[in-house]
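Contents: one structure, followed by commentary.
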Amino acid sequence: MGVIIYNGVSSEEFAIQVEHPPGYETPEKDYEVTHIPGRNGDIYVDKGSYKNVSRSYDIAIGAGNKDFTIMANFISEWLNSASGYAKLEDSYEPEYYRLAAYKSGGTIENILQHAGRITVAFDCKPQRFLKSGDIPVIVRTTSKLRNPTGFKSLPIIKVNGSGKGNLRIGDYVITISNISSYLTIDSELQDAYKGTTNCNSLVTLSNGFPKLIKGENEISFSGGITSVEVIPKWWTL
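Using my numbering, the first residue of the sequence shown is number 3, and each one after it goes up by one.
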């Protein structure tokens, strides 16, 4: 039987059994579709993104020594514990996680007041994130970082040093006018900050916020930068 971990809490804590492995969801690509009268075929403009997917689990619940209603309340609190997206993991794809929201609700079937059954559906962002992509990579000299997937990732970069410095990641060049110990550049949020302090005014970007392309990405720096820590955020579909 499989295990679900949602918002940091495991289904094992509720005597839940996943009855069978879930399917493999593939997201819908986001296109802008137009049609020109008198012309054969539609015109597709790739928006460079994907739509959410639904990931469902058929689960069985053993109430054990607890009253069914009490156990059902525990499970409802667990599924609704997050406000918005939270991390969703399972034992079927242990190297990956998703960002998921539980919003579907549903009825937990009451089996003789001692067990239950329900299909739990999560609304997930399209990416399957590699757990290895959340491990910081420390760069102290010119290095190459290899993206193992076929998709550009949006890294979180901590730049350490003092004063002015230049950072190059592939074709992306970042100039920082004043580093005070460290500064973080988040390509997903498109933001630069130090703790809770906004630092966008200190950063000049050539070619936008950096992305890590498929294959090797060369990282180099100069000036007052002493090291760089990169959380790659690898993902696939």
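By construction, the Cβ of each residue, glycine as well, lies at the ideal position given by its N, Cα and C atoms.
Query raised in the report: What are the start and end residues of the beta strand (DSSP E) that includes Ile72?
Result: First-last for Ile72: Phe70 to Leu81, but that is the alpha helix (DSSP H), not the beta strand (DSSP E).
Requested in this report: Please name the residue in Thr228, Asn202 and Phe70 whose C-alpha comes closest to that of Gly163.
Outcome: Thr228
Query raised in the report: Taking C-beta to C-beta, are Thr238 and Thr151 nearer than 7 Å?
Result: yes
Query - Test item: CB-CB of Lys133 and Leu101 under 7 Å - result: no
Requested in this report: Figure out for me which residue from Lys31, Thr109, Gly210 and Ile6 has the closest Cα to the Cα of Glu248.
Outcome: In the structure as shown, the chain begins at 3 and stops at 239. Residue 248 is therefore absent and cannot be evaluated.
Query raised in the report: Among Glu231, Val35 and Asp125, which residue has its Cα nearest to the Cα of Asn82?
Result: Asp125
Query raised in the report: Does the Cβ-Cβ distance between Tyr195 and Leu90 come in under 7 Å?
Result: no
Query raised in the report: From what residue to what residue does the beta strand (DSSP E) around Ile137 run?
Result: No beta strand (DSSP E) holds Ile137; DSSP gives it neither H nor E.
Requested in this report: Would you kindly work out how many angstroms separate the C-alpha atoms of Ser183 and Val230, rounded to a whole number?
Outcome: 12 Å
Report task. Report all residues from its chain with a CB closer than 7 Å to the CB of Ser179; omit the five preceding and five following residues, and keep chain order. Result -> Lys166 and Leu204
Report task. Pick out whichever of Gly25, Ile233, Val11 and Ser12 has its Cα sitting closest to the Cα of Phe131. Result -> Ile233
Requested in this report: Out of Leu191, Ser12 and Val161, point me to the one whose CA is closest to Ser155's CA.
Outcome: Leu191
Query raised in the report: Candidates Gly225, Tyr87 and Ile63: which alpha carbon is nearest Ser78's?
Result: Ile63
Requested in this report: Please state whether DSSP places Glu220 in a helix, a strand or coil.
Outcome: strand
**Report entry** Beta-carbon contacts of Ile18 that lie in its chain and below 6 Å, excluding the five residues immediately before and after
**Finding:** Ile61 and Ile63
Requested in this report: Would you list the one or two residues that DSSP bridges to Trp237?
Outcome: Phe131
Query raised in the report: From what residue to what residue does the beta strand (DSSP E) around Thr121 run?
Result: Ala117 to Cys126
**Report entry** At least 3 beta-carbon pairs within less than 8 Å: the segment 69–78 vs the segment 23–39
**Finding:** no
Query raised in the report: Do Leu207 and Ile176 come within 7 Å of each other at the CB atom, strictly closer than that value?
Result: yes
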